[in-house]
Amino acid sequence: MSFDLSIPGSDLEYYTASYLGETYIPVLEQEDVSLKFKTRLGYGDGVGDSQGLPFLKNFFAGGIRTVRGYTYNSLGPTDSNGEQIGGNVLITGTAALHFPMPGVKETDQARLSLFGDAGQVYADNAELGDLRYSAGLALAWMTPIGPLSFTYASALNSKSTDETEGFQFSIGSTF
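Residue numbers (this note's numbering): 7 to 181.
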């Protein structure tokens, strides 16, 4: 859990609170199969005369680290031009079944997972009916240059205004 508070008396007074919870549950220990559950929640607002969060403190979601199948930071409120502006409420969650990649003896070098993601960013009021969902297959591969992640996800309930992306790739961190 983290809490961020601006300096009292500054031109922009605000606070944000974030929670990240993640757990792994062994399913078949001898086969290195596990379930992963991950939740990230965030809320922020202006304090005193400040109305809302400064833009750079807004929450964003969508992409390989939050809701796969949707483009990076594409979920949530937009401005009059359709550009993403983020919001002050964040909800994301993941459930995944991790298992070794067939044919790879070093199970810590490459793993596959089947996953389901959910999430959304809101301006003020969270409407759980607006959550976006995706499901797919992911590969995490530890290479000499660092971790590589490849995912293929299907956006399950995208709206016509949502930006979706089936294949996603990341260097430097795993999902």
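Quick reminder that beta carbons are idealized off the backbone N, C-alpha and C, glycines included.
Assigned with DSSP and collapsed to three states, Lys63 falls in helix. Between His104 and Lys42 a beta carbon distance of about 6 angstroms is seen, short of the 8 angstroms cut, so the two are scored as contacting.
According to DSSP, Ser40 shares a beta bridge with Pro32 and His104. Using a 10 angstroms sphere on the CB of Asn94, the tally of other CB atoms reaches 16 or more, which defines it as buried. Around the beta-carbon of Ser12, 16 or more other beta-carbon atoms lie within 10 Å, marking it buried. Excluding residues up to 5 positions away in sequence, Gly152 lie with their Cβ nearer than 6 angstroms to the Cβ of Gly178 in the same chain. The beta carbon of Gln126 sits closer than 7 angstroms to those of Ala67, Leu81, Gly82, Ile97, Asp136, Leu137 and Arg138, all from its chain and outside the five residues before and after it, given in chain order. With a cut-off of 8 angstroms on Cβ pairs, the region 13-21 is in contact with the region 44-63, counting three or more such pairs.
When the beta-carbon positions are compared, Thr149 and Gln174 stay at least 8 angstroms from each other. Leu143 is positioned such that its CB atom lies closer than 8 angstroms to that of Leu120.
The alpha-carbon separation between Gln115 and Trp147 amounts to approximately 6 angstroms.
Runs of the beta strand (DSSP E) lying entirely within the region 138-163, each at least 3 residues long, are 138-149 and 152-161 in chain order. Membership of Asp123 in the beta strand (DSSP E) is indicated by the continuous run Ala116 to Tyr128. A buried status is given to Asp123, since no fewer than 16 other beta-carbon atoms sit within 10 Å of its beta-carbon. For Ala23 and Leu47, the gap between their C-alpha atoms comes out near 8 angstroms. Comparing alpha-carbon positions, the option among Thr167, Phe61 and Ser40 lying closest to Pro32 turns out to be Ser40. Burial is judged here by how many other beta carbons sit within 10 angstroms of a residue's own beta carbon; Phe65 has at least 16 and is buried. Boundaries of the beta strand (DSSP E) harbouring Asp10: Ser8 to Leu11, taken from the DSSP string.
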